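Numbering (our numbering), first residue to last: 19 to 172.
The structure is reproduced here in structure tokens:
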């Protein structure tokens, strides 16, 4: 590629043959070293930007990013759909509706429709304890703006 530059080789090739002595080549390489370091930093930044551009907020990519960054060897992080339960209305005596409601479960307030999480992230508890902020930052960076999430320890 056009951006893969070997600065030591470039210095050697651009130096006239009658000036190619060890001392002069070492001196010229020391002059080029800051540019070489800057070029290396640019290549690392370019690779990280390509990684960020390749991965989107889709579940498969988000799971891959979380596992790559937080659990690269065991890959135990997974994502599931959020719980969205419908609210059940309990009637008053004045409304004269049936008292029997059938089997009814009581959920947390965040688990009902329009207030719950759109997806759940299941993460091992040691990862949550070690890098909770990094986990939140990665999810917020990659998820869609309208999506809400909840983190559960495994």
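Positions of the beta carbon are idealized from the N, C-alpha and C atoms, including for glycine.
All values reported here derive from a predicted model rather than from experimental measurement.
Separation of residue j from residue i, as counted between CA atoms
i, j, result
"residue 82", "residue 145", "15 Å"
"residue 43", "residue 56", "20 Å"
"residue 67", "residue 148", "25 Å"
"residue 27", "residue 65", "23 Å"
"residue 140", "residue 58", "36 Å"
"residue 86", "residue 166", "22 Å"
"residue 38", "residue 69", "41 Å"
"residue 75", "residue 29", "45 Å"
"residue 162", "residue 73", "12 Å"
"residue 53", "residue 46", "12 Å"
"residue 89", "residue 19", "32 Å"
"residue 124", "residue 108", "12 Å"
"residue 34", "residue 21", "24 Å"
"residue 78", "residue 113", "48 Å"
Beta-carbon proximity check, residue i vs residue j, cutoff 7 Å
i, j, result
"residue 138", "residue 160", "no"
"residue 50", "residue 25", "yes"
"residue 97", "residue 142", "no"
"residue 95", "residue 80", "no"
"residue 154", "residue 100", "no"
Residue range of the unbroken alpha helix (DSSP H) whose run includes residue i
i, result
"residue 159", "143 to 160"
Span of the beta strand (DSSP E), counted from its first residue to its last, around residue i
i, result
"residue 39", "Here residue 39 belongs to no beta strand (DSSP E), and DSSP marks it neither H nor E."
"residue 27", "Here residue 27 belongs to no beta strand (DSSP E); instead the alpha helix (DSSP H) covers 25 to 32."
"residue 168", "167 to 171"
Beta-bridge partners of residue i, as assigned by DSSP
i, result
"residue 137", "99, 167"
Inside the stretch 43 to 123 only - beta strand (DSSP E) runs reaching at least 3 residues: 96 to 99
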